[in-house]
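Participant: Take this structure, written in C-alpha cells, and hold onto it; I'll ask about it next.
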Amino acid sequence: MAAYNPEEQEKIEGLTAWWAAHGNTVIIMMTAFIAAIVGTQAWNYYHKQQAQQSADLFAVLQQQIEQGSDPAKINDAAHLLTEGFPTSGYASRAALIAAQANADAGNQQAAKSKLQWVLDRSEEPELKDIARLRLAGILLDEKKYEEALILLNAQHGGAFSGLYADLKGDILAASGKIAEARVAYQQAIDKLSGGRSAYQNIIQMKLDALRESKQ
41 MAAYNPEEQE KIEGLTAWWA AHGNTVIIMM TAFIAAIVGT QAWNYYHKQQ AQQSADLFAV
101 LQQQIEQGSD PAKINDAAHL LTEGFPTSGY ASRAALIAAQ ANADAGNQQA AKSKLQWVLD
161 RSEEPELKDI ARLRLAGILL DEKKYEEALI LLNAQHGGAF SGLYADLKGD ILAASGKIAE
221 ARVAYQQAID KLSGGRSAYQ NIIQMKLDAL RESKQ
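Per our numbering: the sequence shown = residues 41 to 255.
Structure (C-alpha cells):
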C-alpha cells in the first residue's frame, strides 16, 4: 500500500468525506445531464422523422391530384396527414386540397368539414383566411347568407381584404341587399392593390349591373 504524508492523507480524507456527503447528488446531476442530452437528441430525431413522413405523405397526395384520382383517395391521403401529423404545415394544406376536390365532386358537406378543420387546427393565419373564404363561398351556394357573412366579417389579413369584400358583395346581392352590395363591391375594387386588373374589371362589371337595380 502506498504511503502518504500527513498533508496528502488529510486531502484524501477530506475528499472522501465530501464524496460521502455529496456523491449521490453529483451522480444524480450527471445522470440527469446525460439523460437531457440523450432526450434532446431523441426529440430532434423524432421531429426530423415526423417532418420527413409528413412530407412523404404530402407528396403522395400531390400524386393523387396529378393523376386525377377520385376524391375518396384524396381524402384518404389527407386524412393520414390531418390525423397523424396535425401540427405540420402539410396537414392544413392537405385539408384545403381535399376540400377543393370534394367541392368539385359536389360533396359540399365533406368540403365544409375539411375547411372547418383548417379553421380549427391550422396555426397559419393565411391558410385560415383562405379556408374562411372558401367556406363562405360554399355557404353562399347553399343560400346560408348570414352564416357566410359572419365568416367574412371575421378578422383577416389585409392581403385578403379585396377578395373578402368581393365575396361579401356577391352574398349581399344574392340576399337582395343591393345598396350594401354596391358598397362591398366598391370596397373590393379600392382594396385590390396595383393597377387596374382583369379581376377588378370583373368586380366593376358586377357593380355596374347593380347600378340600375332598385335598393
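Heads up, the beta-carbon is just placed ideally off N, CA and C, and yes, glycines get one too. Just so it is clear, the structure is predicted and the values come from calculations on it, not from any experiment.
Quick one: residues in its chain with C-beta nearer than 6 angstroms to the C-beta of residue 150, no 5 flanking neighbours on either side, listed in chain order?
Facilitator: Closer than 6 angstroms at Cβ, skipping near neighbours: 142.
Participant: Verify whether the separation of the beta carbon atoms of residue 232 and residue 202 is less than 7 angstroms.
Facilitator: Cβ distance < 7 angstroms, so residue 232 and residue 202 count as in contact.
Participant: When the Cα atoms are used, what is the spatial distance from residue 154 to residue 162?
Facilitator: Those two C-alpha atoms are separated by around 11 angstroms.
Participant: May I have the straight-line CA-CA distance separating residue 240 from residue 249, to the nearest angstrom?
Facilitator: Near 14 angstroms, if we compare the C-alpha coordinates of residue 249 and residue 240.
Participant: Measure the Cβ-Cβ separation of residue 112 and residue 104 and say whether it is below 7 angstroms.
Facilitator: Their beta carbons are not under 7 angstroms apart, which means residue 112 does not touch residue 104 by this criterion.
Participant: Rounding to the nearest angstrom, what Cα-Cα distance links residue 102 and residue 138 in this structure?
Facilitator: Each residue's Cα considered, the two are about 11 angstroms apart.
Participant: Return the residue from the list 159, 237, 213 and 183 that minimises the CA-CA distance to residue 195.
Facilitator: The shortest Cα separation from residue 195 among 159, 237, 213 and 183 belongs to 159.
Participant: Kindly list the residues whose CB is nearer than 6 angstroms to the CB of residue 87, restricted to its own chain and excluding five residues on each side of it in sequence; keep chain order.
Facilitator: Per-residue confidence for residue 87 stands at a pLDDT of 49, beneath the threshold of 50, marking its modelled position as unreliable; no derived number is given.
Participant: I need the straight-line Cα distance from residue 180 to residue 199, nearest angstrom please.
Facilitator: Looking at the two C-alpha atoms, the distance is approximately 22 angstroms.
Participant: By Cβ distance, which residues of its chain are closer than 8 angstroms to residue 126, with the 5 residues on each side in sequence left out?
Facilitator: Excluding positions up to five away in sequence, the list reads 161.
Participant: Can you give, in chain order, each stretch of the alpha helix (DSSP H) that sits fully within the region 214-246 and has at least 4 residues?
Facilitator: As far as the region 214-246 is concerned, its whole alpha helix (DSSP H) runs of at least 4 residues are 218-231.
Participant: Pull up the distance between the alpha-carbon of residue 122 and that of residue 229, whole angstroms please.
Facilitator: If I take the Cα positions, the gap works out to 36 angstroms.
Participant: From this set, 157, 243 and 238, which residue's C-alpha is nearest residue 17's C-alpha?
Facilitator: This structure gives no information on residue 17, because the portion of the chain shown stretches from 41 to 255.
Participant: When you compare only the Cα positions, how much space is there between residue 172 and residue 238?
Facilitator: Going by the C-alpha atoms only, they are around 24 angstroms apart.
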